[in-house]
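First residue of the sequence shown: 35, per our numbering; consecutive thereafter.
Inspection log for the structure reproduced underneath, given as C-alpha cells.
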Amino acid sequence: MPSTKKTRRRIGPTTAFLWAVGALLPAVAGLWYFLVEAPQVGLARLQLTGSADQAFAICEGRLSACQDALTAYYTLVVCCTSSLLLIFWLSYFVFPSKRGRHLAVLAMVVTAVGGLCGVVENSLIKHGLGLGQERAGNGWFALAAGLAALKWLIAMLTILALYQWLIALSRAGRVALPTAWRGLRRQPQADPTTATVTCQRRHGNDRPAVVPSWPVALEPDGTPWPTIPDNTYDAPQETPSHWRYEGATAPGRQHADTGICVSGGGIRSACVTLGALQALRKTLASASYLVSVSGGGYAVGAMQLALSDKEGEEAGPSTGNAFEPGSVEEDHLRRHSKYVADGTGEWLVALGVLLRGLLASLFLLGTATALLGLGLSWAYHLVPVTDLNHLAAPGTHFCPNHCTPPPRPLFRHPAVWAVLGLFAAAAVTWLIWLFATTWSRKEKLGILFARAFRLLVVLAVALATTVILVPLLAWWTIHLQLQLKVSRPQTGAGIGATVLISYAIALITTLWRRRQTLRSGLSKITDLLRGKPGLARAVPNGFTQYLLVWAVLALLAAAFLLLLGWSTATGWSWPTWAQIAVPGVLVLLGSSLDQTWMSLHPFYRRRLASCFAVRRSEDPRQPGVQIAEPYNFDTEITTLSTYGGQRNDFPQVIFAAAANLSGASRTPPGRRAVSFTFSRDYVGSPDVGYACTACLETHTKQHIARDLTVQSAMAISGAAFASAMGAQARAFQTFFALSNARLGSWLPNPSALAERWADDASWWLSPPPTIRRLPYLLREVFGRYPMDDRLLLVTDGGHYENLGLVELLRQGVRTAICIDASGDTPPFATTLAEAIALAYEELGVTITLDHPETLIPGSGEPLSPPSVLSDINTRLSKTAVITGTITYPKDLEIKDEQGRTTWAGREGRLIVARATLTGDLPYQLLSYAAAHPVFPRDSTSDQWFDHQQFDAYQTLGHCIGKRVQDLLDRPSTAPAT
C-alpha cells in the first residue's frame, strides 16, 4: 500500500545559500529606492503624531515632500516585508524541528500583519494629509499612530530574521562554497553532507561511536526527540518500555557478579571510601564495576590514577598495592586533606578566584544590560512610541543643583489604545474559541482561534511593555537619581557595595554551617529533662541563608533594573566612544571567554588534583626509596580513555554525575536532573545517550576535552555548588550563577552528537560549540536546560542520586556492595531510601532490606556506665552493615571470558555498609566520637579536614569495609538458580 504520510521537503545547501543571498535583495533595493526618492521629513514622528494639528505642523511648508516620502515608503514596506518573509520561509527548512517550523510560520504570519499595518497606516496618513488641515480629523491620524506602534513593535523581528539569516548563510555556505570551488576545478568529491566520525578506537557492529537516547516528547510542541532511527532499544518486550530503556547501559558492558558503589559526601566520603576499599582489596580484585559519586569519586579516582604510568597505561607491579595502609599515597592524602586551601597563601588564592569570578560575571551581565538599554534608547529616540528624549540631559549630568525631577513621560494615546485594542481582540477571540469548541464540530476552527488568542496576548503584552512599562522604568530611574542627588562617586560606591555584599553572601552560602541538635517526638522533652544533648549534625543555617540569598538577589535585580532604566533613558546621548565601547567589549569578551573556565570549576579541579592525583615512584637519587609523585596538572592530561582504562585486579570505574534538564519529559518526578556518567569506554546515560569516550576526546576542542579527564570527572561528579542542583532551592542556584560561585561544566550532548555524527548528517545541523560563550551563562541564570541542546550542564551526581546504587544496578550485578557515607539526618538513612525508590521508578528493580532498623542510631547496646556515656549511647547503631534482596525485572546473564553463561536469574544480593557508630568500634574511634558530637556526620561543606578527622573517618571506613569482607567470605546465602 502506498504511504499517505507527506514527506518533508528538503533543500540542498547550494539552493539554501542562493536563497539566503537573494532574500536580502528586495530589502536592499527598497532601502536604496527610499533613501534616493524620499525627502527627509521625519517620517517616524509623522506616523506616530496621532493628531491632525501635529501632523500638519511637521509637514508645514513641506506638504508635497511629505506626500512623496509616504509614496516611497510603500516600496520600502513591501520590499522589507518580502525579505523578512523569504528569510523566515528559509528558516522553515534550516530549522526542521517541529518547534522551528512553528516559529517560522508564526514569524511569517506576524511579519505579514506588520507589513499590512505599515501599508494601512501609510494610506491613512496620506488620506488625512490630502484632505487638508481644515477638513482632516484626528481619527485618521490616531488610527494610523496605533497601527504604527504595532508595526514598529513587529519590526523587532528583524533582529530574529538577521540571526536566522546568518545561521542559514554560514551553514549552507560551509558546504556549498567548497563544493562549488571543487566543481570549478573539476575535482571529484564525496557527498559533503556526510560526517562519519572516526577515532583511534575501531568500533564493531556492537560498539557504535554514539548511541542516542530513547525518544520522548519535547515540551511544549510534543515532537519526539531524538528522531534518529536506531535499533538500540528494540529489545524483546520482557519488561515495560520505560524500565527497558532506562536499564540499557553503554554498549559492550556485560552483566557482572559483583559491583561496588561509593556515595557522595565530599572529603568525609572520600576518607570513608578509602578505608572501606582498603579493607575490600580482595573483593576489588574480582569486582567488575566501581561506581562513585562526588566525594567517593575522590578516593576512587586517586586509586585509578595511582595505577597509571606517565603514558596513561597500567603501571608496573610495584603499584599493585597502591593506597594500602601505610603507603606513600595514603600519606600524601592525609597531608593534603585540606585540599581547597591549606595556609594563608592558598586561602588568598581561593578568595581571589571567587572574587575574580564574581567580578567577571557581574561585569558581563552588566555590560549586556547596558547594551540592551543602549539599543532601546536609540529605538525610542528614532521611533518615539513614547517620547523619552527629555530624560537624557538630567540623567547624564548626575544631579547638578539646577536640575529638577523630569515630568512623567507622556504616553501617546493611540499607542495606549492599541494596547487596549489588542487585549480586547484577544478577549473576543477567546470567546469565539469557546463558542467554536462548544457548538462547532470543526476541530481545526477551534485550534485556529486558540492560536490567534495566544498570538494576540503576546502582542498585547509586548506592546504594553514597549509603550508603558519600559518608559516608566526609564523615568523612575532618572527621577530617583535626581531625588537622591546621586553623584558619580556615589554611583561608583554603590556599585562597589553591591559587589562586596554579593561576595560576602557567596562566602556565607558556601562556607557557613552551624551545629544543630536533632531530636524527634517525645524524645525532645525526655532528652532535655535528662540533660542529654541528642544527635548533633552540622547542617545549613537554612532560614537565615534563605533570607540572605533572597536579599542579595533582590539587590542584584534592582541594580540591573536601574542600569537598564538609566541606559534606556540616556544611551542615545552617550559619548561616541562609550556607544562603541559597550558593544565592542561585550562582543569581544562574550564571544571569546569560556564561561565554564570563568567559574570555580578550573580552580576546584586543580585543587582536587593537588591532593588526589598522585602515584608511586622511586627517588632517582636514592634507588629503592619510594615517594608519592603528584601529577603535573599542566603538562599531563589524564584522558578518560587511557588513564581511566581497565587495570588488573581493579574494576571498571564509572564516575556518576548529573545532567540538568528543563521540563518533566525526561527527568524523574521531583528531580530536575538525569544520570550522566564518565568511564573509559562511554560517556553519558540512557536519558542523554552514550558517546564513545575516545571519539569525544578526538573530536572536541582542547579546552572542552580537558573536562573529559579522570581529574575533571572527579571534580564534575563532586560539583555540589552549582547553578543547577537537582531538586535543591532555585534561589541558591540563581545566586550561584549570578555570583559565578558555581561548579560543573557544559559538555557535549551525546544525543545531539548522534545527528551530527551520522553518515547521512544534514547540512543544516550546527557544529558543536567551540567555546561556551555568554549565552550559556544566561541559561544558568534563567535555569534553561533544553534536552536537545548541543551542550549539557553536568554537575554533582548527588543531584540525581547520591549513592551511585541506581547506576550500579543499571549495569546488572548479582551482588551490589554500597558504601554509604552520605551523612543523612537521623534516624533513617534517607539517601538509601531515595535510592531504593528511584531504582524501582527508573529500572523496575525492587530492593527488600533485611532488618534496616538496626542502622538507626540508638538501636545498639549501650556502653557502660550508661550515666557517663549517655551522649554516645544515643548515637550507637546495632550494626553498620545490613543486607537485602535485589529483584530485577528481567533475567541477568553472567558470562565467563569464553562467553559461557555461569549464572542466570533475577534475584541478587545487596550489602549496605553505612558510616555509623557501633559499640564494637576501636577504642580510639569511640573516644574521638565522644569528643566530637557531630561525628560521623560532619557537613559536606567542611572540606578542610585535619589529620584527626582524616584518621577517624578512614578508620570508620576500614571497620565497615572489613565487616563487609567478612560477610562476603562466609558461604553465600544468595538465591541459587
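The beta-carbon is built from N, C-alpha and C at its ideal position, and this holds for glycine as well.
Item: Using 7 angstroms as the limit for Cβ to Cβ distance, is residue 73 near chain D?; Value: Checking the listed chains, one finds no chain D in this structure; it contains a single protein chain.
Item: If you draw a straight line from the alpha carbon of residue 687 to that of residue 635, how long is it in whole angstroms?; Value: 22 angstroms
Item: From the DSSP output, which residues share a beta bridge with residue 819?; Value: DSSP, once it has assigned bridges, lists no residue as partnering residue 819.
Item: Using the Cβ count rule (16 or more neighbours within 10 Å means buried), how would you classify residue 537?; Value: buried
Item: Are residue 712 and residue 692 touching if we call contact CB-CB under 7 angstroms?; Value: no
Item: Starting from residue 663, trace the alpha helix (DSSP H) in both directions and tell me its first and last residue.; Value: Note, residue 663: premise wrong, no alpha helix (DSSP H); beta strand (DSSP E) at 660 to 664.
Item: What residue range does the alpha helix (DSSP H) around residue 151 cover?; Value: 132 to 165
Item: Can you give me the C-alpha to C-alpha distance between residue 268 and residue 924, rounded to a whole angstrom?; Value: With a pLDDT of 49 at residue 268, under the threshold of 50, the modelled position of this residue cannot be trusted; read the value that follows with caution. Using only the alpha carbons, I get a separation of about 15 angstroms.
Item: Helix, strand or coil for residue 345? Go by DSSP, reduced to three states.; Value: coil
Item: State the Cα-Cα distance for the pair residue 1043 and residue 121, rounded to the nearest angstrom.; Value: Absent from the structure is residue 1043, since the part of the chain shown begins at 35 and ends at 1011.
Item: Are the beta-carbon atoms belonging to residue 632 and residue 386 less than 7 angstroms from one another?; Value: no
Item: What's the C-alpha gap between residue 355 and residue 340?; Value: 10 angstroms
Item: Does the distance from the CB of residue 175 to the CB of residue 85 come in under 7 angstroms?; Value: yes
Item: Any idea which residues DSSP pairs residue 684 with across the strands?; Value: 681
Item: Here's the rule I'm using: 16 or more other beta-carbon atoms within 10 Å means buried, otherwise exposed. How should residue 614 be labelled?; Value: exposed
Item: Measure the C-alpha to C-alpha separation of residue 967 and residue 300 and round it to an integer number of angstroms.; Value: 19 angstroms
Item: Taking DSSP's pairing of strands, which residues face residue 726 in a bridge?; Value: 716
Item: Across which residues does DSSP place residue 652 in a beta bridge pair?; Value: 660
Item: If you run the structure through DSSP and keep just helix, strand and coil, what is residue 326?; Value: strand
Item: Does the stretch 885 to 897 come into contact with the stretch 905 to 915, if we say contact requires no fewer than three beta-carbon pairs (one atom in each stretch) closer than 8 angstroms?; Value: yes
Item: Please name the residue or residues paired with residue 948 in a DSSP beta bridge.; Value: 854
Item: Can you round the beta-carbon distance between residue 945 and residue 917 to whole angstroms, since I take them to be within the 8 angstroms contact cut?; Value: 6 angstroms
Item: Which same chain residues end up closer than 7 angstroms to residue 884 when comparing Cβ atoms and leaving out the 5 residues on each side of it in sequence?; Value: 916, 917 and 918
Item: Assuming contact is defined by CB atoms lying nearer than 7 angstroms, are residue 111 and residue 153 in contact in what I supplied?; Value: yes
Item: Would you kindly work out how many angstroms separate the C-alpha atoms of residue 776 and residue 586, rounded to a whole number?; Value: 16 angstroms
Item: Keeping to the same chain, check which residues put their C-beta closer than 7 angstroms to that of residue 619; ignore five residues upstream and five downstream.; Value: 401
Item: Using a 10 Å radius around the Cβ and a threshold of 16 neighbouring Cβ atoms, would you call residue 13 buried or exposed?; Value: Beyond the ends of the chain as shown, which are 35 and 1011, falls residue 13; an answer cannot be given.
Item: For the structure I just gave you, are there three or more beta carbon pairs, one from the stretch 326 to 337 and one from the stretch 730 to 737, closer than 8 angstroms?; Value: no
Item: If distances are taken between C-alpha atoms only, which option among 994, 956 and 769 comes closest to residue 949?; Value: 994
Item: In whole angstroms, what is the alpha-carbon distance linking residue 878 and residue 277?; Value: 6 angstroms
Item: Enumerate in chain order the residues of its own chain whose CB-to-CB distance from residue 109 is below 7 angstroms, with the five nearest sequence positions on each side excluded.; Value: 64, 67 and 68
Item: Can you name, in chain order, every residue of its own chain whose Cβ lies under 6 angstroms from the Cβ of residue 664, other than the five neighbours on each side?; Value: 648
Item: Once the 5 residues before and after residue 422 are set aside, which same chain residues still bring their CB inside 8 angstroms of it?; Value: 411, 414, 415, 443, 505, 508, 509, 602 and 603
Item: Of all the beta strand (DSSP E) runs that stay within the bounds of the stretch 567 to 649, which reach a length of 3 or more residues?; Value: 569 to 574
Item: In or out: residue 657 buried (at least 16 other Cβ within 10 Å) or exposed?; Value: exposed
Item: With a Cβ-Cβ cutoff of 7 angstroms, do residue 310 and residue 853 count as a contact?; Value: yes
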